[in-house]
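So the structure is just underneath, and the comments pick up after that.
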Amino acid sequence: MGKKRLTDTALSWLFLTPTFIVLIIAAFLPLLYSLWLSFHALRLNMPAARPVFIGLENYTYMLQDTLLKRSTQNNIIFVTFTVSLQMFFGLVIAMLVSGDDRLSRFLRTIFLVPMIMAPVASGTLWRMMLDRTTGVVNYLLSLIGITAIPWLGQPLTAMIAVILVDVWRLTPWVVIILVSAIKGISISLFEAALVDGASPWEIFKKIVLPLLKPVLLIVAMIRIIDGFKVFDIIYVMTGGGPGIATEMLPNFIYNQGLRYFNAGYSAALAWVFIICMSLLSLIFVRLRLRQEG
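So the sequence shown is residues 134 to 426, counted in my numbering.
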């Protein structure tokens with residue numbers, strides 16, 4: 134028996150070894166190289182140049198980089214509004230379409246459409262719709278006497294546009310999770326509340342919301358982390374513009390490396406970003422464990 138178990142274990146490792154090799158080559162080695170590169174200065178537009186060791190200069194420069202501070206502010210604003218709106222509308226819509234009737238099932242299917250679209254396709258679609266001269270949004274506004282608005286050409290309207298598009302695209306995901314959680318609540322609780330004469334608001338406030346709190350925390354955690362990682366929608370719709378009005382941290386890191394060819398600084402930014410997101414995840418996990426305890 135022991136020999137057979139040893140053989141099975143060896144066979145399992147034999148099949149797993151190629152996967153580990155590919156993972157090391159495709160993921161861990163580039164990560165280690167980027168960590169090494171973050172302590173060097175390297176210009177990608179100078180092929181003959183070699184990396185020059187500069188210690189912590191890339192990291193200390195972040196403290197005085199005003200563009201980085203602006204991108205961080207943009208990202209915080211974006212996450213604050215998108216997550217708040219997604220959680221609010223997601224909860225409201227989930228309560229409205231959580232039934233088992235045909236209309237609720239149909240609406241749940243329709244709400245999936247924005248989520249299943251590729252982010253690049255969604256961004257391209259909305260960029261065309263929000264175009265000042267040929268966009269359908271300004272055309273509809275002109276029918277009621279409102280002049281054309283440069284949605285993506287002004288800092289404030291551009292930020293509003295990317296926030297609303299992200300809300301439109303990912304609120305359905307929140308709805309799906311919350312509908313599943315609502316369906317997991319025992320129907321007997323609702324029946325008992327109705328017998329006691331509770332109003333719909335009281336049922337929501339005293340039964341549904343408390344039972345949904347753990348799920349809401351998890352959904353908010355995932356959406357906050359994803360919000361800080363937003364890239365494709367911004368890249369396609371505004372490119373971070375006008376100016377840097379909608380430039381988020383991932384776009385800033387991308388531009389430093391592949392637009393301004395500052396590979397060392399870009400690598401340092403990426404590592405700080407990874408560490409911050411990891412710490413944020415750990416905080417949420419601890420909050421979740423404390424809530425369960």
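Using N, Cα and C, we set each Cβ at its ideal position, and we do this for glycine too.
No experiment lies behind these values; they were computed from the predicted model shown.
Practice prompt. Would you please state the rounded distance, in angstroms, between the beta carbons of Asn191 and Tyr398? I believe it to be under 8 angstroms.
Written response: The residue labelled residue 191 in the question sits at position 58 within the sequence shown. The residue labelled residue 398 in the question sits at position 265 within the sequence shown. That belief holds up - the Cβ atoms of Asn191 and Tyr398 are roughly 5 angstroms apart, short of 8 angstroms.
Worksheet item: Do Ile336 and Ala326 come within 9 angstroms of each other at the CB atom, strictly closer than that value?
Response: Locating residue 326 in the sequence shown gives position 193, where the first residue counts as 1. Locating residue 336 in the sequence shown gives position 203, where the first residue counts as 1. Yes.
Worksheet item: So what's Arg176 in DSSP terms, helix, strand or just coil?
Response: Position 43 of the sequence shown, counted from the start, is the residue given in the question as residue 176. In the structure shown, Arg176 sits in a strand (DSSP, three-state: E or B).
Worksheet item: If Ile367 and Val295 are in contact, beta carbons under 8 angstroms, what's the gap, nearest whole angstrom?
Response: Locating residue 367 in the sequence shown gives position 234, where the first residue counts as 1. Locating residue 295 in the sequence shown gives position 162, where the first residue counts as 1. Rounded, the Cβ-Cβ distance is 6 angstroms, consistent with contact.
Item to complete: Look at the Cβ atom of Val363, then the Cβ atom of Thr257, and state whether they are nearer than 9 angstroms.
Response: The residue given as residue 363 occupies position 230 in the sequence shown. The residue given as residue 257 occupies position 124 in the sequence shown. No, they are not a contact pair.
Worksheet item: What number of angstroms, rounded off, separates the C-alpha of Ser414 from the C-alpha of Ile351?
Response: What you label residue 414 is simply residue 281 of the sequence shown in a count that begins at 1. What you label residue 351 is simply residue 218 of the sequence shown in a count that begins at 1. In a straight line, the C-alpha of Ser414 is about 11 angstroms away from that of Ile351.
Fill in: Nearest-angstrom Cα separation, counted from Pro184 out to Leu345
To locate residue 345, count along the sequence shown from 1; it is residue 212. To locate residue 184, count along the sequence shown from 1; it is residue 51. Computed Cα separation, rounded: 52 angstroms.
Worksheet item: Span of the alpha helix (DSSP H) holding Gly397?
Response: The residue labelled residue 397 in the question sits at position 264 within the sequence shown. It spans Ala396 to Glu425 - the alpha helix (DSSP H) in which Gly397 sits, taken as one unbroken run.
Worksheet item: Where Leu418 and Leu412 are concerned, what is the direct C-alpha to C-alpha distance, given to the nearest angstrom?
Response: Looking up residue 418 in the sequence shown gives position 285. Looking up residue 412 in the sequence shown gives position 279. As written in the sequence, residue 418 is Val, which differs from the Leu given in the question. So the alpha carbons of these two residues sit roughly 10 angstroms apart.
Fill in: Sub-9 angstroms separation of Ala400 and Leu149 beta-carbons
On the sequence shown, position 267 is the one that residue 400 refers to. On the sequence shown, position 16 is the one that residue 149 refers to. No; because the gap between Cβ atoms is not below 9 angstroms, this pair is not in contact.
Fill in: DSSP beta-bridge partners of Val185
One-based indexing of the sequence shown puts residue 185 at position 52. Partner(s): Ala174.
Worksheet item: Taking Cβ positions, are Pro347 and Arg421 nearer each other than 9 angstroms?
Response: For the purposes of this step, residue 347 is taken as the residue at position 214 of the sequence shown. For the purposes of this step, residue 421 is taken as the residue at position 288 of the sequence shown. Taking 9 angstroms as the Cβ cut-off, Pro347 and Arg421 qualify as a contacting pair.
Item to complete: Would you give the residue range spanned by the alpha helix (DSSP H) that Ile366 belongs to?
Response: Taking the first residue of the sequence shown as position 1, residue 366 is located at position 233. That run of the alpha helix (DSSP H) goes Asp365 to Met370.
Item to complete: Please state whether DSSP places Gly317 in a helix, a strand or coil.
Response: Here residue 317 is taken as the residue at index 184 of the sequence shown, counted from 1. Coil.
Item to complete: For Glu380, count neighbouring C-beta atoms within 10 Å of its own C-beta (all shown protein chains included) and say buried if the count is 16 or more, exposed if not.
Response: Position 247 of the sequence shown, counted from the first residue, corresponds to residue 380. It is buried - the Cβ of Glu380 has at least 16 other Cβ atoms within 10 Å.
Worksheet item: Touch check for the stretch 382 to 395 and the stretch 204 to 221: three-plus C-beta pairs under 8 angstroms?
Response: yes
Discussion item. Just to confirm my understanding: we take Leu382, look at its own chain, exclude 5 residues before and 5 after, and list those with CB closer than 7 angstroms. What are they?
Written reply: The count along the sequence shown starts at 1 and reaches residue 382 at position 249. If we look at Leu382 and ignore the five residues flanking it on each side, its Cβ neighbours are Ser204, Thr205, Asn208, Phe361 and Phe406.
Worksheet item: Taking the C-alpha atoms as reference points, what is the distance between Val468 and Leu189?
Response: Shown here, the chain extends from 134 to 426; a query on residue 468 therefore has no answer.
Item to complete: Mind checking which residues open and close the alpha helix (DSSP H) that includes Pro283?
Response: Start at 1 with the first residue of the sequence shown, and residue 283 comes out as number 150. Looking at the DSSP string, Pro283 is not in any alpha helix (DSSP H), and its letter there is neither H nor E.
Worksheet item: Of the choices Gln424, Cys409 and Leu402, whose alpha-carbon is the least far from that of Tyr194?
Response: Numbered from 1 along the sequence shown, position 61 holds the residue referred to as residue 194. Here the closest residue by C-alpha is Leu402.
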